[in-house]
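A.B. asks: This is the structure, below, for whatever I ask next.
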Amino acid sequence: MGYNPDKPMEGRLTDLGPPHYEQFMPQVIKDNKGKWLWHEIVQPGVLMHKSETGDEVYTVRVGSARLVTCQFIREVCEIADKHCEGKLRFTTRNNIEFMVDAKDKVQPLLDDLASRGNRFPVGGTGAGVTNIVHTQGWIHCHTPATDASGPVKAVMDELFEYFTSMTLPAQVRIALACCLNMCGAVHASDIAILGIHRKPPMIDHKRITGVCELPLAIASCPTGAVKPAKAEVDGNEIKTVKVTVERCMFCGNCYTMCPAMPLADPDGDGIAILVGGKISNRISAPKFSKLVIPFLPNTPPRWPEVVEAVKTILEAYAKDAKKYERVGEWAERIGWESFFEKCNIPFTEKSIDDYRLAYNTWRTTTQFKFTSHVK
Amino acid sequence: MGYNPDKPMEGRLTDLGPPHYEQFMPQVIKDNKGKWLWHEIVQPGVLMHKSETGDEVYTVRVGSARLVTCQFIREVCEIADKHCEGKLRFTTRNNIEFMVDAKDKVQPLLDDLASRGNRFPVGGTGAGVTNIVHTQGWIHCHTPATDASGPVKAVMDELFEYFTSMTLPAQVRIALACCLNMCGAVHASDIAILGIHRKPPMIDHKRITGVCELPLAIASCPTGAVKPAKAEVDGNEIKTVKVTVERCMFCGNCYTMCPAMPLADPDGDGIAILVGGKISNRISAPKFSKLVIPFLPNTPPRWPEVVEAVKTILEAYAKDAKKYERVGEWAERIGWESFFEKCNIPFTEKSIDDYRLAYNTWRTTTQFKFTSHVK
Amino acid sequence: MAKHETPLLDQLETGPWPSFVTDLKKQAETKPEVYDILGQLELSYEDRITHWKHGGIVGVFGYGGGIVGRYSDMPEKFPGVQHFHTIRVAQPASKYYSSDNLRALMTLWEKHGSGVTNFHGSTGDIILLGTKTENLEPFFWDLTHELGQDLGGSGSNLRTPACCLGSSRCEWSCYDTQEVCYQLTLKYQDEIHRPAFPYKFKFKFSGCPNDCVAAIARSDISVIGTWRDEIRIDQAAVKEYVAGNYPANGGAHSGRDWGKFDLQKEVIDICPTQCMWLEGDELKIDDKECTRCMHCINVMPRALRPGAEQGASILIGAKAPILEGAQMSTLIIPFMKISKDDEYEDLIELIEKVWDWWMEIGKNRERVGETMQRVGLPTFIKVMEIDPIPQMIKEPRSNPYVFWNEEEVPGGFARDIDEFRARHKA
Amino acid sequence: MAKHETPLLDQLETGPWPSFVTDLKKQAETKPEVYDILGQLELSYEDRITHWKHGGIVGVFGYGGGIVGRYSDMPEKFPGVQHFHTIRVAQPASKYYSSDNLRALMTLWEKHGSGVTNFHGSTGDIILLGTKTENLEPFFWDLTHELGQDLGGSGSNLRTPACCLGSSRCEWSCYDTQEVCYQLTLKYQDEIHRPAFPYKFKFKFSGCPNDCVAAIARSDISVIGTWRDEIRIDQAAVKEYVAGNYPANGGAHSGRDWGKFDLQKEVIDICPTQCMWLEGDELKIDDKECTRCMHCINVMPRALRPGAEQGASILIGAKAPILEGAQMSTLIIPFMKISKDDEYEDLIELIEKVWDWWMEIGKNRERVGETMQRVGLPTFIKVMEIDPIPQMIKEPRSNPYVFWNEEEVPGGFARDIDEFRARHKA
Ligand code: SRM
Ligand code: SRM
Ligand code: SRM
Ligand code: SRM
Ligand code: SF4
Ligand code: SF4
Ligand code: SF4
Ligand code: SF4
Ligand code: SF4
Ligand code: SF4
Ligand code: SF4
Ligand code: SF4
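Residue numbers (UniProt numbering), protein chains in the order written: chain A, 1 to 375; chain B, 1 to 375; chain C, 1 to 426; chain D, 1 to 426.
What follows is the structure, given as structure tokens:
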């Protein structure tokens, strides 16, 4: 059978949606859904949930590169078959969870995982660093200002001890997005690694006529930097656009709308570091991440500047924050001037907001600390 | 001598500036300037400052209507002559301060003041209500939406006990401005009484040509509601303006620029109540006042609705707040939903910001309290 | 397709974290186009720039979403990735799988595509990375007929909804996140597959305010569990915590010596509303004052539980920064029952009201949060026919710029200037 | 001018607060035009609307400020207030007066004007309410010649600067507010009297962060005292407070029984930076962490004092809501010495730099704070040649929209599309 290109609509099935989740749940999960009473992280990467029925489920959380292959997923399936009645799940941060219904099944599972080299690191629970949520980068997207999987691998290699332990004041969520579109929650992460462009788009006048709707390209620019223009192509005058470079903030939205306006560049592009965002409503309200390092260069394959920056911030935080305090809560308590000082990050005017709601970030009080910034 | 209209420039003196302050300072102040060590409010309205020289100055603070007359100032001078070597000062909130250099001079001064009816109430210190800073209103200004001195008198009569005592959790600063120009610090007061218009300007086409620069009138409108237009006056077409009433937020700025666009109206105008502002940097940063009652009618001569509203808020605060807690700090601690409930103020969509930086006031967390507002 | 030299990528094969390079290389042994993926990525590492072109519009018949077109800008050099479209396959709720299902999917993908995937995409889909245009229909046929599965969303439509694991394995979930996620995904298949919106639209469901699916930051409609009665306290368990017999925060901090557990300092003092206290050794909570931040419950999962009258808060309008700046979702409905019994009636009514309005007035590429900002929150709730309540805002407005309606003002707006001048000489 | 019936106003003669009505009536006995003031005000009370017209431009020769024109819109009915201009007379620093001076001024005002005044206007001037155009020059002549005094500001110019009483009677003043206020007022007489600015401009000087002249909310340049070393502690006095021998907060709360003073609860726990603690019965402060909010000092004036290395923070840009919304001043210079010894050199340099720039690029009726908002804080400090420091902001930007300059980016902005296309096929 299979698809018949001659009769594409015959026997076609659509709008099936996803399979019902229940068929995929391990028996102990199915039996105890809605009955869980409490949980405990029995060791880094291993959770135990206790049900009112007396049942227990042990979850072993395993780090994953997210960018994986069919053969990798097959190996995951093999592990699930061996230990978990062929069931498993993925977390919202791309970790894999293997669940067993009795304590004595945990160690064999852990041993098996450990036997597979660095493929299945156990951890990512509690007050540590869990998997970095990230995006496509150079492996698939057309707008990135940096790679995704590469910097993530480099950072996680360096922070590995924090993945397998729970020694931080609170959970630290790291995220990476390869451009300002921020596919993920980079805008609300404890530490965010963000690909940024720094050169305005070029205009490919030769191509623009065919591939762009000029009014859409013009309307796309949030600062009004894209204007109608004329150009000569092969001796003919054509309608095109121009960019007022002083108004360009390199957001790439014009390129999203018009392929004839590429802006990526080896030297222009790189990474900004933002910190102090959070999602949970625990203690303080969700917060946006804030830009503290405006630019670090793209230095494949291991982005040492980025790795160093993330680690320095993480360790300054680990040393100084109180128990339960997220990175952003810590920075607010000590004051951002102290944050810059304690993390040894030079402060630049790039960290001062000048977009739409900027006034709200200005300091309208005499309360401040005398850090080394005050001469 | 005197001014000679025939030779206006002859012998003219200009740019003298104010007199040097020192000549007006009481001797004990002059002697101890820069040497003061500490102070104490010995009773409501009476401060004692102690100098490192051992000197003391006792200050008696007296409420004033601010709108006063020459004969009143003469009476003040007479008191100063009698008790204070002919010196006195006014505070930044329009109270009068009589200073004496010894404790035993205080009581005679107080007795004298008390003998003068209600003209010289002593108080306004510490955790109480001091004088209401206010503006012109119907006594002098052309743009007011309410009177100033009248509502102030009515409110102070009602809150008089708080002027002469120090029973509140913290100081409570009340201010009144008769229009959105807010001549004063209504935008940063614990309780603010604000005159507001609610009808768009009329256009006096007959007058506009002579008295307005149309481009300025058009440019004056923050929402772009004023547009060029034509009208017929005495059979001739003239250039004038029109107002898109849906876009008008009654700020009166066009009237400031163009006398032919009056907007005051007996039924349209009235008073809004704002709360929770502060100036001092003590504990929390300075805060803006927030609009909690969008409109109360103008009801001269005693504005009972306004008086009632201010008193209710003040008393809810007095009952519920912690020591040292300003009105705004209290409202933030208990949550604004509780503020509305505790003050028995109906919540309306008018309190929801929809101006420039509005998004910053939206609640972007799941943290809230279940007050009666939640059905 | 031959192997390329990848000296830069090879350096990512060392280190303790799983290496995608090693994994890709292994996959390349059976799927040689993966050598071209590696080759092109290596070139990007050299050039420090992407080598993918702007994607064209590709897809399967009748769907406007689910596939993202992608082409190499070095097709001669890397013919295996000349076309390299991704397919978004809708994930099951909370991402539970059986190995049978996964294996079947992998078999399909090796047959029709590159064998490279993301588990999962940021929105929650299974992302199958890289196939040719001509493979799309055959893959889709097999996916639907053999696996009974379907594509997820992309483009200006509803994106595949996602949820935290909810009550399936979490004691705090205040409603069944999986079931509502599943039901609404089914109900809105048309909206997921056929773009009819001004821009993308996302639902995410978290069972409690910890928000493990990051709904408040990433979804146009964020449904976040909460309760409206009292936190349930087991005083005996409180004592065990105080005695140090139970680990604080479920053991989340056990890797460091933070000293003996201190109920006062670690819970009572940190409670953001200061609504807890000790009476003797009994823990008391003034639940009226509690804002259900979860902190105390997180710290003492064996002693405290969310109340029993459960539901969710509905927040609207989150999005990433493009264009007007990022937004978190805004609290619109503080409490709504989320129950299968009434087929999620209230939630569905709200969703469709939002859509109807946004489809009418939303501009091209304007997220609903931006439309809300443009018209203002008062107008938004008015068109939604929701009463204004202070829970929607952090604080009242501080500017005095209220737009009054003509009907609200006695006598209306129209006035006669001549009559005015009779009383007020110019 | 005859008496008018004022039944509404008469109701404001009762009650404990001083009555302006009683006062005006008394003044009217010698200055009959005050009957017309009362009459017109009564009419406003009846009509619930002002009866003043938009003021024309009136003033004294050579000055563009100091007088606010005002005319009645019922001149026939109230001829005494047909013209009713106000005169703003510059107040002496901190508003100390001798009775001689005040009496002389009152005599002048009864001679040339209505006899009605405000002590003081909101900006700080002495406001003389109500006179005719023809009286302005004679009054001004007498004011300058007889009293040696001068007008204050109005219009698009520098407004009369104002200050708190500072070290004249306050133990916390970190610089001499009176002297700098006086000196700058003298220095800038031209700017006060001859409008040359885009809009009004205000200076206010407070001696410490309590900000008793409300500088941070009302002045384009707010100079607020502070210190940079340690809070001076008298440990013996701390003990007296703890023992209850000294009243907390200088007795400001003595009208209510708040219980025994509790140093921990009332000071240490409320300190916003949590930088205080007790060591035995010694109070310790980690001054590096202190943000000098004044709370502890306010509570224990006999035990704590500002540090000895004193100066001021300079904040810029406060204003009322018209047009873009209210602004508080923004911290631009965290610490500056304010000293007569160098003739306020640094402050003056800053002020003039701000003016030069604002006069060049400020729009008509745009306060400097609005100009700052329009160009952005980074641009503002750049033109001011001030290094960016984190003290200027509450928090770093949360959007990623940075404007990079061409010089900062290797290779600049110009690129060749053909060269790009050679490496990236379209
Ligand atoms: C498995 C997962 C849900 C899922 O559907 O997949 C999950 C599971 C749990 N979360 Fe979570 N959270 C998961 C993503 C999140 C996210 C979303 C994210 O990171 O993108 C958040 C919001 C992050 C943020 O605020 O920036 C999140 C914020 C929390 C919090 C709040 C912690 C805080 O200090 O703010 C708790 C409470 C706690 O840890 O005490 C929590 C608690 C829990 C508990 C203890 C709930 C329970 O009783 O089982 C689970 C184990 C926690 C642990 O691993 O330490 N979970 N949790 C997600 C695991 C991600 C991973 O692989 O690492
Ligand atoms: C006389 C005056 C200054 C002047 O140059 O005229 C003054 C004088 C003092 N102020 Fe003030 N303040 C004066 C207006 C202000 C203002 C401005 C205003 O209200 O418009 C403020 C800012 C108001 C605000 O934050 O909204 C102000 C905020 C303070 C504070 C901070 C209090 C707080 O809880 O936030 C203190 C400290 C204290 O009271 O403990 C303070 C403390 C003081 C002290 C104790 C200073 C001292 O050591 O002498 C003085 C006596 C206070 C008292 O009366 O209780 N003064 N004080 C002003 C009297 C106004 C009046 O007639 O009532
Ligand atoms: C694949 C994925 C990233 C990933 O590696 O996981 C992705 C990839 C793209 N996103 Fe995204 N977005 C992905 C989740 C997100 C998320 C996260 C989420 O959904 O929770 C966000 C932030 C949340 C939000 O929606 O605001 C996100 C915010 C954007 C934006 C900015 C939207 C905004 O309103 O600010 C764009 C720009 C656009 O739509 O033009 C965008 C555009 C894109 C495009 C289509 C590029 C473009 O300019 O057209 C990317 C295609 C990449 C490729 O070649 O495959 N993507 N995108 C995620 C979808 C996988 C999935 O279906 O599971
Ligand atoms: C007299 C006084 C009110 C009072 O009763 O004390 C006053 C009266 C007027 N103010 Fe004011 N302002 C007075 C202090 C203020 C203050 C307070 C201050 O200076 O500390 C403010 C708020 C602070 C500020 O500058 O932002 C203030 C903010 C305004 C505004 C709004 C300015 C803005 O940028 O938002 C206007 C509107 C205008 O300039 O067009 C304004 C305009 C006016 C005008 C000239 C009316 C107009 O539309 O042209 C008023 C003349 C009234 C009259 O007939 O006498 N007045 N005005 C105050 C000046 C007395 C003095 O010199 O001491
Ligand atoms: S963040 Fe940008 S570059 Fe990365 S996948 Fe999303 S759209 Fe593409
Ligand atoms: S990159 Fe952004 S700011 Fe620059 S021209 Fe394009 S749309 Fe405008
Ligand atoms: S607040 Fe308005 S009405 Fe009142 S004095 Fe100032 S400008 Fe005039
Ligand atoms: S009152 Fe304000 S909003 Fe209305 S037309 Fe005039 S300037 Fe515009
Ligand atoms: S959001 Fe709440 S209910 Fe859902 S997994 Fe996280 S903690 Fe559990
Ligand atoms: S949930 Fe949060 S607010 Fe409620 S009692 Fe616990 S810690 Fe306090
Ligand atoms: S601002 Fe400070 S120095 Fe000036 S009077 Fe007030 S407390 Fe004293
Ligand atoms: S001045 Fe304020 S911040 Fe500094 S120690 Fe005292 S209370 Fe704390």
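For every residue, glycine included, the Cβ atom is placed at its ideal position computed from N, Cα and C.
So His295 (chain D) contacts chain B; which residues on that side make the cut at Cβ distance below 7 Å?
C.D. replies: Arg282 and Ile283
A.B. asks: Beta carbon of Cys208 (chain D): closer than 7 Å to some heavy atom of ligand 6?
C.D. replies: Every heavy atom of ligand 6 is 7 Å or more from the Cβ of Cys208 (chain D), so no.
A.B. asks: Is it buried or exposed, Asp211 (chain C), if we count other Cβ atoms within 10 angstroms and call 16 or more buried?
C.D. replies: buried
A.B. asks: What does a CB cutoff of less than 8 Å around Arg232 (chain D) pick up in its chain, not counting 5 residues either side in sequence?
C.D. replies: Leu304, Arg305, Pro306, Gly307 and Ala308
A.B. asks: Apply the 10 Å Cβ neighbour rule to Phe61 (chain C) and answer buried if 16 or more other Cβ atoms are within range, or exposed otherwise.
C.D. replies: exposed
A.B. asks: In chain A, which residues lie with their C-beta within 7 Å of the C-beta of Pro388 (chain D)?
C.D. replies: Phe347, Thr348, Glu349 and Ile352
A.B. asks: So, does the CB of Lys87 (chain B) fall closer than 8 Å to a CB anywhere in chain D?
C.D. replies: yes
A.B. asks: Any chance you could list the alpha helix (DSSP H) runs of at least 4 consecutive residues sitting entirely within the region 76-152 of chain D, in chain order?
C.D. replies: 99-112 and 133-146
A.B. asks: With 16 as the cutoff for other CB atoms within 10 Å, does Met166 (chain A) come out buried or exposed?
C.D. replies: buried
A.B. asks: Can you tell me whether Asn253 (chain A) sits near ligand 8, meaning its C-beta is under 7 Å from at least one heavy atom of the ligand?
C.D. replies: no
A.B. asks: Checking contacts by CB at 8 Å: is Met74 (chain D) closer than that to chain C?
C.D. replies: yes
A.B. asks: Specify the secondary structure class of Ala192 (chain A) as computed by DSSP and reduced to three states.
C.D. replies: Three-state result, Ala192 (chain A): strand.
A.B. asks: Hey, out of B:Ile273, B:Gly210 and B:Leu263, whose CA is closest to Leu176 (chain B)'s CA?
C.D. replies: B:Ile273
A.B. asks: For a cutoff of 8 Å on Cβ pairs, would you count Met328 (chain D) as touching chain A?
C.D. replies: yes
A.B. asks: Measuring CA to CA, which of D:Phe197, D:Asn298 and D:Gly124 is closest to Thr91 (chain B)?
C.D. replies: Check the Cα spacing between Thr91 (chain B) and each of D:Phe197, D:Asn298 and D:Gly124: the tightest is with D:Gly124.
A.B. asks: If the cut is a Cβ gap below 8 Å, which residues of chain B does Tyr359 (chain A) touch?
C.D. replies: Leu357
A.B. asks: Please name the residue or residues paired with Glu285 (chain C) in a DSSP beta bridge.
C.D. replies: Correcting the residue identity first, residue 285 (chain C) is Ile in this sequence and not Glu. Note: Ile285 (chain C) sits in a beta bridge opposite C:Met276.
A.B. asks: Going by alpha carbons, who is nearest to Lys31 (chain D) out of D:Val81, D:Val299 and D:Pro7?
C.D. replies: D:Val81
A.B. asks: Between which residues of its own chain and Met25 (chain B) is the CB-CB distance below 8 Å, once the five residues before and five after are set aside?
C.D. replies: Lys33 and Lys87
A.B. asks: In the DSSP assignment, what are the bridge partners of Thr59 (chain B)?
C.D. replies: B:Leu47 and B:Met99
A.B. asks: Just to confirm, is the Cβ distance from Ala148 (chain A) to Thr135 (chain A) under 8 Å?
C.D. replies: yes
A.B. asks: Mind checking which residues open and close the alpha helix (DSSP H) that includes Lys242 (chain B)?
C.D. replies: Where Lys242 (chain B) is concerned, there is no enclosing alpha helix (DSSP H), although the beta strand (DSSP E) it sits in stretches over Asn236 to Val243.
A.B. asks: Note down, in chain order, each residue of its chain lying with its Cβ closer than 7 Å to the Cβ of Glu85 (chain A), except the 5 sequence neighbours on either side.
C.D. replies: Pro26 and Gln27
A.B. asks: Taking the alpha carbon of Met300 (chain C) as the reference point, which residue from C:Glu29, C:Glu240 and C:Phe201 has its own alpha carbon closest?
C.D. replies: C:Glu240
A.B. asks: Measuring straight from C-alpha to C-alpha, what distance separates Gly152 (chain D) and Pro161 (chain D)?
C.D. replies: 9 Å
A.B. asks: Would you grab the beta carbon distance between His54 (chain D) and Ser44 (chain D) for me? Rounded to a whole angstrom, and I think it's under 8 Å.
C.D. replies: His54 (chain D) to Ser44 (chain D), Cβ: 16 Å. No contact.
A.B. asks: Does the separation of the CB atoms of Ile224 (chain C) and Thr366 (chain B) fall below 8 Å?
C.D. replies: yes
A.B. asks: For Ala196 (chain C), collect the residues of the same chain with a Cβ closer than 8 Å to its Cβ; drop the 5 residues on either side in sequence, then sort them by chain order.
C.D. replies: Ser156, Asn157 and Met359
A.B. asks: Grouping DSSP H, G and I as helix and E and B as strand, with all else coil, what is Met336 (chain D)?
C.D. replies: The three-state reading of DSSP puts Met336 (chain D) in strand, counting E and B together.
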